[in-house]
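Residue numbers (this note's numbering): 103 to 365.
We put the beta carbon where it would ideally sit given N, CA and C, even for glycine.
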Ligand SMILES: [Zn+2]
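This is the structure we're talking about:
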């Protein structure tokens, strides 16, 4: 079983930029033509210049159409929705979505902002993981995106299971520090793994991943901005080059994620 735990879909083909195809049909087609068995679909409860808002009901609808292929997360905006925790509860218990995606970079709220706490507490109560973007990129202030902000959130909601998307990006050593300091933190290696490959930072990035350990690492591509099949092949080769065992690859490419969603 191979799971790509970081993908996006949208009703509009160009929702992630004119050069990409964000339609669910494209994702399902790419899955059919790849060794990747399932994709985790992460919606976005925000308007941003780089990705359009995706509704939870749209994700749920496609997960229902392709239950063997798609696993859906929910997204709620802690500032836009006064009832964000209730909306999350509805998405999980009503739509059957399996986790929460928060996006400090696009939602304009830092992970250490106390206003984020109620929705993360609700995720913990519902027993679903919380994936939080920490790539460190445009357009919002970088201080709101820092991986170390997630440490403060972990201290406030110790029962939460947190997935740090993109493994901290440029601040991957900070992501390692957060994972060392908080046992319920997992790293999603999407984008950063291939970004640092072939650079002077590759060995350092892989050192950080090894320190975290395969049981806390999760593979993802960030489709449609990164091609589903090619990204899987490239990522597998990078892990193998750096001496990760078959058993460890099993964790990274499905086992760790399944341990978080009760699959
Ligand atoms: Zn993404």
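{"Query": "Of the listed residues 349, 259, 118, 225, nearest to residue 195 (C-alpha basis)", "Result": "225"}
{"Query": "Heavy atom of ligand 1 within 7 Å of residue 108 beta-carbon", "Result": "yes"}
{"Query": "Rounded separation between residue 338 and residue 295 - CA only", "Result": "10 Å"}
{"Query": "Test item: CB-CB of residue 101 and residue 297 under 8 Å", "Result": "Any property of residue 101 remains undetermined from this structure, which presents the chain solely from 103 to 365."}
{"Query": "Exposure of residue 158, with buried meaning 16 or more beta-carbon neighbours within 10 Å", "Result": "buried"}
{"Query": "Sequence-distant residues of its chain with Cβ nearer than 7 Å to residue 250 (five each side left out)", "Result": "276, 280"}
{"Query": "Nearest to residue 178 (by Cα), restricted to the options 168, 171, 193", "Result": "193"}
{"Query": "Pairwise C-alpha distance: residue 183 and residue 206", "Result": "15 Å"}
{"Query": "Cβ shell of residue 153 (< 6 Å), same chain only, five flanking positions each side left out", "Result": "118, 146"}
{"Query": "Burial state of residue 317, where buried means 16 or more other Cβ atoms lie within 10 Å", "Result": "exposed"}
{"Query": "Per DSSP, cross-strand counterpart(s) of residue 109", "Result": "143, 325"}
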